[in-house]
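Chains X and P, in that order, give the protein sequences.
Heads up: the first sequence begins at 4 in my numbering, then just goes up one per residue.
Heads up: the second sequence begins at 358 in my numbering, then just goes up one per residue.
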Amino acid sequence: MEISGYGQRAAGRLDATFAALADPTRRAILARLVRGEVSVTELAAPFEMSQPAISKHLKVLERAGLVARGRDAQRRPVRAQVGPLTEASAWLDGYRRTLEANFARLDTLLESLKTARGLAPRAPSQRGRPPGRPRRPRKDT
Amino acid sequence: MPSPRTLTVETIGDRDLRFTREFDAPRALVFEALTTPALLQRWMLGPGGWTMPVCEMELKPGGTFRYVWRKGGKDMGMSGTFREIVPPERIVHTEIFDEDWTGGETLVTTTLHEEKGRTTLSLTVRYGSTAAREGALKTGMVDGMSDTYDRLADMMARGEIARAGA
């Protein structure tokens with residue numbers, strides 16, 4: 004199966020992205036961050052989680068390049084970064100597109116095989132066949 | 358002509374992705390199309406203008422296969438080994454692209470289930486990468502990810518978040 008366009012460089016990054024996204028809290032954090040940047044305290048508030056626990060999740064997201072911290076020494080606001088997410092999503096989309104294109108062609112191929120083997124619903128009836136001449140089994144390819 | 362069929366994607370356990378698709382043909386025919394090089398070369402071409410000049414296989418447990426796709430002078434190869442072959446219902450094989458973008462070998466289990474002359478093909482893909490080992494492909498990940506991504510894409514389109522980083 005063929006996937007277009009991703010080389011070795013992307014593999015490690017995709018690993019990190021998928022691992023980061025595997026956790027529901029981290030997905031919730033990302034969903035919150037797309038509404039705008041916030042401080043860790045603000046971020047932790049709706050999660051009923053300690054700030055250190057949130058910070059731990061943030062570190063995973065940061066390593067995957069999914070979030071970045073601002074330079075403001077006081078707040079160090081957290082913001083979402085879409086690059087790796089786009090890449091991971093594009094990778095899955097690519098896989099899906101490849102399979103869809105392949106399977107559409109397989110549909111067509113199966114139809115022609117069915118017709119060739121006399122399995123199609125509207126295959127010619129055997130009425131016109133001369134009597135006493137049994138159908139010869141077709142040699143399969 | 359058969360109506361267009363939907364490919365479904367789901368996560369199974371913590372490291373598998375499963376793709377499912379129905380075909381309007383008995384499974385013996387689908388199995389044949391999956392395991393005959395001359396037939397594979399007619400459909401396993403991916404999107405957009407690739408050909409498959411090399412399609413060789415030794416269809417038995419322990420047997421290897423080699424596929425090469427070509428487009429505009431660029432070759433992309435994949436090799437693998439068959440682990441199980443149970444005609445016409447099950448094939449298990451490993452595969453790896455020459456450019457190892459999946460981070461190691463992938464284990465692929467193909468099953469064919471026939472009902473009333475129609476066949477449901479399911480393709481379960483297990484990644485050998487660290488992501489898979491760490492249980493990255495958890496239930497709901499795909500949906501969660503695409504939801505989040507869709508939202509991000511919307512907001513980007515509306516100019517609500519910047520594209521670049523810190």
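The beta carbon of each residue, even a glycine, is placed where N, CA and C say it ideally should be.
Being a predicted model, the structure only gives us computed values, none of them experimental.
So which of P/TYR484, P/VAL482, P/LEU469, P/ARG483 has the shortest CA-CA distance to P/PRO383?
If you number the second sequence from 1, residue 383 of chain P lands on position 26. Of the listed residues, the one whose Cα sits closest to P/PRO383 is P/LEU469.
Could you check the C-alpha separation between P/GLU379 and P/ARG475 for me, to the nearest Å?
Position 22 of the second sequence, counted from the start, is the residue given in the question as residue 379 of chain P. Position 118 of the second sequence, counted from the start, is the residue given in the question as residue 475 of chain P. Between the C-alpha atoms of P/GLU379 and P/ARG475 there is a straight-line separation of about 7 Å.
So, does the CB of P/VAL366 fall closer than 8 Å to a CB anywhere in chain X?
To locate residue 366 of chain P, count along the second sequence from 1; it is residue 9. Between P/VAL366 and chain X, the shortest Cβ-Cβ separation is below 8 Å.
Is the Cβ of P/PHE380 closer than 8 Å to any Cβ of chain X?
Looking up residue 380 of chain P in the second sequence gives position 23. For P/PHE380, the answer is yes, since a Cβ of chain X falls inside 8 Å of its Cβ.
Among the residues of its own chain, which have a CB less than 8 Å from the CB of P/LEU364, if the five just before and after it don't count?
Residue 364 of chain P sits at position 7 when you count from the first residue of the second sequence. Closer than 8 Å at Cβ, skipping near neighbours: PHE376, THR377, ARG378.
Can you confirm whether X/GLU103, when its beta carbon is compared against all beta carbons of chain P, has any partner nearer than 8 Å?
In the first sequence, the residue the question calls residue 103 of chain X occupies position 100. Closer than 8 Å: yes.
Sort P/LEU397, P/VAL482, P/THR451, P/ILE453 by Cα distance to X/LEU113 and report the nearest one.
Numbered from 1 along the first sequence, position 110 holds the residue referred to as residue 113 of chain X. Measuring from the Cα of X/LEU113, the nearest candidate turns out to be P/LEU397.
Since P/GLY437 and P/ILE453 should fall inside the 8 Å C-beta cutoff, what is the C-beta to C-beta distance between them, to a whole number of angstroms?
Residue 437 of chain P sits at position 80 when you count from the first residue of the second sequence. Residue 453 of chain P sits at position 96 when you count from the first residue of the second sequence. About 7 Å separates the two Cβ atoms, so the contact holds.
Can you pull the DSSP bridge partners for P/LEU478?
By 1-based counting over the second sequence, the position of residue 478 of chain P is 121. In the DSSP output, where bridge partners are listed per residue, P/LEU478 has P/ARG378, P/LEU469.
Boundaries (first-last residue) of the beta strand (DSSP E) holding X/PHE50
Taking the first sequence and counting its residues from 1, one reaches residue 50 of chain X at position 47. Unbroken run through X/PHE50: none, as it is neither H nor E.
Could you work out which residue in P/LEU464, P/ARG440, P/MET409 is closest to P/GLU415 when comparing CA atoms only?
Along the second sequence, read from residue 1 onward, the residue named residue 415 of chain P stands at position 58. Measuring from the Cα of P/GLU415, the nearest candidate turns out to be P/ARG440.
Applying the criterion that 16 or more other CB atoms from any shown protein chain within 10 Å of the CB defines a buried residue, is X/VAL81 buried or exposed?
Here residue 81 of chain X refers to the residue found at position 78 when the first sequence is read from its first residue. So X/VAL81 ends up on the buried side.
P/GLY525, buried or exposed, once every other Cβ within 10 Å from all chains shown has been counted against 16:
A query on residue 525 of chain P cannot be resolved here, the shown segment of chain P reaching from 358 to 523 and no further.
Taking Cβ-Cβ distances below 7 Å as the criterion, which residues of the stretch 428 to 443 of chain P are in contact with chain X?
From the stretch 428 to 443 of chain P, only MET433 have a Cβ closer than 7 Å to chain X.
Can you check whether the C-beta of P/GLY420 is within less than 8 Å of a C-beta belonging to chain X?
Here residue 420 of chain P refers to the residue found at position 63 when the second sequence is read from its first residue. Among the residues facing chain X, P/GLY420 is not included, as its CB has no counterpart in that chain under 8 Å away.
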